[in-house]
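Numbering (the UniProt record's numbering), first residue to last: 1 to 123. Glycine residues also receive a C-beta, built at the ideal position from the N, C-alpha and C atoms. First the structure, in the form of structure tokens, and then the observations on it.
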Amino acid sequence: METRTNGHGDDATDVAETPDAAGTQQSETTWSEADLLLEDGVTPKERFVELIETNGGWLRQKQLVEATNLSKATVSRTLSSMESAGEVTRRRVGRENIVYLSGCEPSNPAKAMRPEADDRSAT
């Protein structure tokens, strides 16, 4: 693992080298909340709302991790805070969480709990 610095000269999060499907090494960098604020000028909560709104009111939690480069723990902690404030709702579907903006929760959970048929991306 190597260390990089953010815009303030502080050490940023670890950079890990991981093999891709072809076996070549690729860098996976996770950002801190401060890194996201410096890079995009928004807080993680603001970025999450923007991404979820762009995707019709819901998104897979893992897509928030991928789109923001924040750690899984940071995304989960931020979503827990947002859930407590009534800003989002998370529903467990199989082995993943689906995040809905408040007011965008499905009216028919049996049908809506099958988002795997939808190829939404966070970009």
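With distances taken from CA atoms, which of V49, T54, K62, G41 is nearest E96?
The residue given as residue 96 occupies position 96 in the sequence shown. Out of V49, T54, K62, G41, K62 has the C-alpha closest to the C-alpha of E96.
Could you tell me which uninterrupted alpha helix (DSSP H) segments, each at least 4 residues in length, are contained entirely in the UniProt domain "DUF7343" (43-101), listed from first to last along the chain?
At a cut-off of 4 residues, the continuous stretches assigned as alpha helix (DSSP H) that sit fully inside the UniProt domain "DUF7343" (43-101) are 44-54, 61-68, 72-84.
If I measure Cβ to Cβ from E105 and keep anything under 7 Å in the same chain, skipping five residues before and after, which residues do I get?
In the sequence shown, residue 105 corresponds to position 105, counting from 1. Residues of the same chain with a CB within less than 7 Å of the CB of E105, apart from the 5 flanking positions on each side, are T89 in chain order.
Proximity winner among T43, V42, V49, P44, relative to S102 (alpha-carbon distances)
On the sequence shown, position 102 is the one that residue 102 refers to. When the alpha-carbon of S102 is set against those of T43, V42, V49, P44, the nearest one is in V49.
If we ignore side chains and look at the alpha-carbon of each, how far apart do P44 and S76 end up?
Position 44 of the sequence shown holds residue 44. Position 76 of the sequence shown holds residue 76. Using only the alpha carbons, I get a separation of about 11 Å.
What separation, rounded to the nearest whole angstrom, lies between the Cα atoms of N55 and V65?
Here residue 55 refers to the residue found at position 55 when the sequence shown is read from its first residue. Here residue 65 refers to the residue found at position 65 when the sequence shown is read from its first residue. Each residue's alpha carbon lies about 15 Å from the other.
Report the rounded CA-to-CA distance for Q26 versus S71, giving the unit in angstroms.
The residue you call residue 26 lines up with position 26 of the sequence shown. The residue you call residue 71 lines up with position 71 of the sequence shown. Confidence at Q26 is low in this model, with a pLDDT of 43, below 50, so the placement of that residue is unreliable and no value is reported for it.
Closest by C-alpha distance to M82, when choosing among V99, R92, N69, R60:
Looking up residue 82 in the sequence shown gives position 82. Sorting V99, R92, N69, R60 by C-alpha distance to the C-alpha of M82 places V99 at the top.
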